[in-house]
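Numbering of the sequence shown is given in my numbering, commencing with residue 1 and proceeding in unit increments. Ideal placement from N, C-alpha and C gives every residue a C-beta, glycine not left out.
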Amino acid sequence: MAIIESRRRIALGRICSWICPAILLLLAACHDAPRKNPFDPQLTPPVELSVALDDTAGTAMLTWTSYTGEAEFAEYRVLRNVAKSTEVDTLEVFEEVEQATFVDYSLAPNTAYEYRVSVVNVGGLEMPSLVENTPGYTVSAIELLEVAVDEQVGQADLRWTRYTGPRFQAYQMERRSADEDDFVVIKRVESVDDTLFTDDSLQPDVAYTYRIVLVAAGQQWPSTRSSREQFTLAGVDLLPTDANAQEGSIHLTWAAYAGPEFQRYQVIRRQVGTDQEEELAAPNGRADTTFADGTALAGIDYLYTVVVQAAGQELGSNSREGRLVLPAVRLADPVFDSATGSVTVRWTPYAGPRFRAYQVLRSTAGQIPRVVAEIEDRSVASFVDTGLVGNTEYFYQVGVATTFDE
């Protein structure tokens, strides 16, 4: 029995020695072709991300390292969220493994962001990079520095600070009158260097408020408002009149109109004590500020006014009185000739305007003077009165008749 058992053990040993190499060969074949797990994070390492903000252009440049993992690459995903927000946006997807940059042009002003770039392998495993933060770019309203109203021309000059931030689009000049509820755009300029504007569409005696609205990054940023600005049309100042006896005229002078939209002057005359006015002249030049009234009658008191027509209004000046006194002739003592019964009357020649004739008047005591001679020659300054009655006292006067019958 012992011998039989020994042989059985030997046989079993031979069987084992044959079977074991076969198993080892099978295991060796499995080790040569291992299967890789696509969800193994070690096979899909994340990229390293850096973000550079361009606060002049209002953009962010993203740069990341190229993917070098063992798992087969599928795509990059560029992810962004507003800081402290859980809502994540996919900005772009790249399927080229060589792609390693992206420029974000869609930043909103005054907003901080967080960026990630995820690597996705063909199995769908997504491995995000570490978060990179950027504070974003800043946009703020500009400052309205000055609103200067020029009453002489009826316009307002606006001046403001230049915008120095990114994503500039335009300046909007806005105005609101006292009877308007909302601001109205009166001008839009698209050059960032234009920081001056002249509003020449003002109406007199209307109060305006201004502001400058910055249009940048698709939004509007209004400046502070100006105080209420307005201008008032003013008439002219009429200087004292100057009566010229030699010319027979009354001279008027006034200050030039200094306001906007000048049309013309009107020289108005009224005889004192009456309500009747007459227009003497209507000069249409702003610099035409003198006028000589050659139709004024001597010895009459007049009241003069200059009216300015401008900007659809009539602006009256102050009033000035004027009175013309023509030069009189001076009568010498009459010379009586008892032998001929005549009287020689002499006078100084008339030196004034509008001469028509000398009138020699004679009267006796208690009688009304009557014209005894009318001489139309200005150079003749004497008259011999004959046919007088003796023992009678005579009185003489010499007057000047003018073409205006003054």
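Can you check whether the CB of Ser129 is closer than 8 Å to the CB of Pro222? On the sequence shown, position 222 is the one that residue 222 refers to. On the sequence shown, position 129 is the one that residue 129 refers to. For Pro222 and Ser129, no; Cβs fall outside 8 Å.
Taking its Cβ as the centre, do 16 or more other Cβ atoms sit within 10 Å of Asn121, making it buried, or is it exposed? Stepping through the sequence shown from its first residue, residue 121 is reached at position 121. By the neighbour-count rule (16 or more Cβ atoms within 10 Å), Asn121 is buried.
Please state whether the Cβ-Cβ distance between Phe395 and Val345 is less than 8 Å. Here the question's residue 395 lines up with position 395 in the sequence shown. Here the question's residue 345 lines up with position 345 in the sequence shown. Not closer than 8 Å, so no.
Considering only residues of the same chain and omitting the five flanking positions on each side of Glu321, which have a CB-CB separation below 8 Å? Translated into the one-based positions of the sequence shown, residue 321 becomes position 321. For Glu321, where only same-chain residues beyond five positions count, the Cβ hits under 8 Å are Thr241, Val272, Asp301, Tyr302, Leu303 and Tyr304.
For Pro135, three-class secondary structure by DSSP: Here residue 135 refers to the residue found at position 135 when the sequence shown is read from its first residue. It is coil, neither helix nor strand.
Any 3 or more C-beta pairs closer than 8 Å across the stretch 272-288 and the stretch 197-216: no
Exposed or buried, which one is Glu70 when buried takes at least 16 other CB atoms within 10 Å? Residue numbering aside, residue 70 sits at position 70 when the sequence shown is read from its first letter. With fewer than 16 Cβ atoms within 10 Å of its Cβ, Glu70 is classed as exposed.
Leu43 by DSSP, collapsed to three states: which one? As a position in the sequence shown, residue 43 is number 43, starting the count at 1. Here Leu43 sits in helix by DSSP.
Spatial distance of Arg354 from Gln246 (CA atoms): As a first step, residue 354 must be located in the sequence shown, where it is residue number 354. As a first step, residue 246 must be located in the sequence shown, where it is residue number 246. Spanning the two alpha carbons is a distance of roughly 10 Å.
Flag this pair as yes or no: are the beta carbons of Ala74 and Met61 separated by less than 8 Å? Residue 74 sits at position 74 when you count from the first residue of the sequence shown. Residue 61 sits at position 61 when you count from the first residue of the sequence shown. For Ala74 and Met61, no; Cβs fall outside 8 Å.
Extent of the continuous beta strand (DSSP E) to which Lys187 belongs: Taking the first residue of the sequence shown as position 1, residue 187 is located at position 187. Residues Val184 to Val189.
Between which two residues does the beta strand (DSSP E) carrying Gln169 extend? Translated into the one-based positions of the sequence shown, residue 169 becomes position 169. Start and end: Phe168 to Ser177.
Where does Thr101 fall in DSSP's three states? Counting from 1 along the sequence shown, the entry for residue 101 is found at position 101. Looking at Thr101 - three-state DSSP - the assignment turns out to be strand.
As a quick exercise: from Ala296, Gly341 and Asp405, pick the residue whose alpha carbon is nearest that of Gly390. To locate residue 390, count along the sequence shown from 1; it is residue 390. When each option's Cα is compared against that of Gly390, the closest is Gly341.
Keeping to the same chain, check which residues put their C-beta closer than 7 Å to that of Glu72; ignore five residues upstream and five downstream. Reading the sequence shown from its first residue, position 72 is the one you call residue 72. Taken in chain order, the residues that qualify are Asn121 and Val122.
Residue span of the beta strand (DSSP E) that contains Ile212, given as start and end: Within the sequence shown, residue 212 is the residue found at index 212, counting from 1. Residues Tyr208 to Ala216.
Between the Cα of Gln219 and those of Tyr171, Val184, Ser226 and Asp199, spot the shortest distance and give me the residue it belongs to. The count along the sequence shown starts at 1 and reaches residue 219 at position 219. Minimum Cα distance to Gln219 is reached at Tyr171.
Helix, strand or coil at Ala281 [DSSP, three-state]: Locating residue 281 in the sequence shown gives position 281, counting from the first residue. Residue state, collapsed to three classes: strand.
Let me check one thing: in DSSP terms, what residues is Tyr76 bridge-paired to? By one-based count along the sequence shown, residue 76 stands at place 76. The partner list for Tyr76 (beta bridge, DSSP) reads Phe94 and Val119.
Backbone secondary structure at Thr403 - three-state DSSP: For the purposes of this step, residue 403 is taken as the residue at position 403 of the sequence shown. Of the three classes helix, strand and coil, the one that applies to Thr403 here is coil, per DSSP.
Please classify Ser118 as buried or exposed, where buried requires at least 16 other C-beta atoms within 10 Å of its C-beta. For the purposes of this step, residue 118 is taken as the residue at position 118 of the sequence shown. Buried, because 16 or more other Cβ atoms sit within 10 Å of the Cβ of Ser118.
Could you tell me which residues DSSP pairs with Glu321 in its beta bridges? Numbered from its first residue, the sequence shown carries residue 321 at position 321. Paired residue(s): Leu303.
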